[in-house]
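Each step along the sequence shown adds one to the number in the numbering used here, with nothing skipped, and position 133 is 946.
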Amino acid sequence: VVDTSGVHSLMIRFCRCASALGPDMQLFEIGLFPASFTLPKTVFTFAVLDDFLLDNLECGTSAMNYYSKLRRITSSIFPHLVPVSGIDVLDCIAHNVQKDRYRELMRVGRQWRQLKQLKWHGFGHEKQKPKAGELALFCPACP
Numbered sequence: 814v815v816d817t818s819g820v821h822s823l824m825i826r827f828c829r830c831a832s833a834l835g836p837d838m839q840l841f842e843i844g845l846f847p848a849s850f851t852l853p854k855t856v857f858t859f860a861v862l863d864d865f866l867l868d869n870l871e872c873g874t875s876a877m878n879y880y881s882k883l884r885r886i887t888s889s890i891f892p893h894l895v896p897v898s899g900i901d902v903l904d905c906i907a908h909n910v911q912k913d914r915y916r917e918l919m920r921v922g923r924q925w926r927q928l929k930q931l932k933w934h935g936f937g938h939e940k941q942k943p944k945a946g947e948l949a950l951f952c953p954a955c956p
């Protein structure tokens, strides 16, 4: 689980009742955005995605720098030892594998930004796709 407080290793058990939603929808209901919709192993909280979007827009923070910040928040002394999803830390050190969640943050960040754009422009609850230019921001200064 990647949150504004750092990267955490948690076990999440999904409801398997007959009337239960799929794992991805269960995650959405509790405020978690899965990095994969088929077999989610890494999730990002909505708070960290909002914070990344704001940092990226206002400060120009890249995904690499933002993820480095999250690793530093998780372990300020040894950020390279931050546990990674599905892989043992000792395995990473022994085989010199640097598996981090940077690429997942980039992909999920783009998806989150697209969902926010759709919501802000009134397409959040409609099945119709926006036409060309309908997601553009209105600028009163432009002709």
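Using N, Cα and C, we set each Cβ at its ideal position, and we do this for glycine too.
Candidates the options: closest to residue i by CA position
{"i": "ASP837", "options": "THR855, GLU871, LYS942, VAL861", "result": "THR855"}
{"i": "LYS942", "options": "ALA954, CYS952, ASP864, LEU928", "result": "LEU928"}
{"i": "ASN878", "options": "SER888, PHE865, SER889", "result": "PHE865"}
{"i": "MET824", "options": "ALA831, ALA945, SER832, LEU840", "result": "LEU840"}
Contact check, residue i vs residue j, beta carbons under 8 Å
{"i": "VAL820", "j": "VAL895", "result": "yes"}
{"i": "VAL815", "j": "LEU867", "result": "no"}
{"i": "PHE846", "j": "LEU862", "result": "yes"}
{"i": "ALA876", "j": "MET919", "result": "yes"}
{"i": "ILE886", "j": "SER818", "result": "yes"}
Cβ-Cβ separation, residue j to residue i (assumed contact under 8 Å), whole Å
{"i": "ALA848", "j": "GLU917", "result": "4 Å"}
{"i": "TYR880", "j": "ARG923", "result": "Incorrect: roughly 14 Å between the Cβ atoms, too far for contact."}
{"i": "PHE859", "j": "GLY844", "result": "5 Å"}
Where residue i falls, given that 16 or more other Cβ within 10 Å makes a residue buried
{"i": "PHE891", "result": "exposed"}
{"i": "LEU834", "result": "exposed"}
{"i": "TRP812", "result": "The structure shown does not extend to residue 812, since the chain spans only 814 to 956, so no value can be given for it."}
{"i": "PRO853", "result": "buried"}
Paired residues, beta bridge with residue i - DSSP
{"i": "PRO847", "result": "VAL856"}
{"i": "ASP868", "result": "For ASP868, which the question treats as bridged, DSSP gives no partner whatsoever."}
{"i": "VAL820", "result": "VAL815"}
Check: residue i C-beta below 7 Å from any heavy atom of the ligand NAP
{"i": "ALA848", "result": "No copy of the ligand NAP appears in this structure; indeed no ligand is present at all."}
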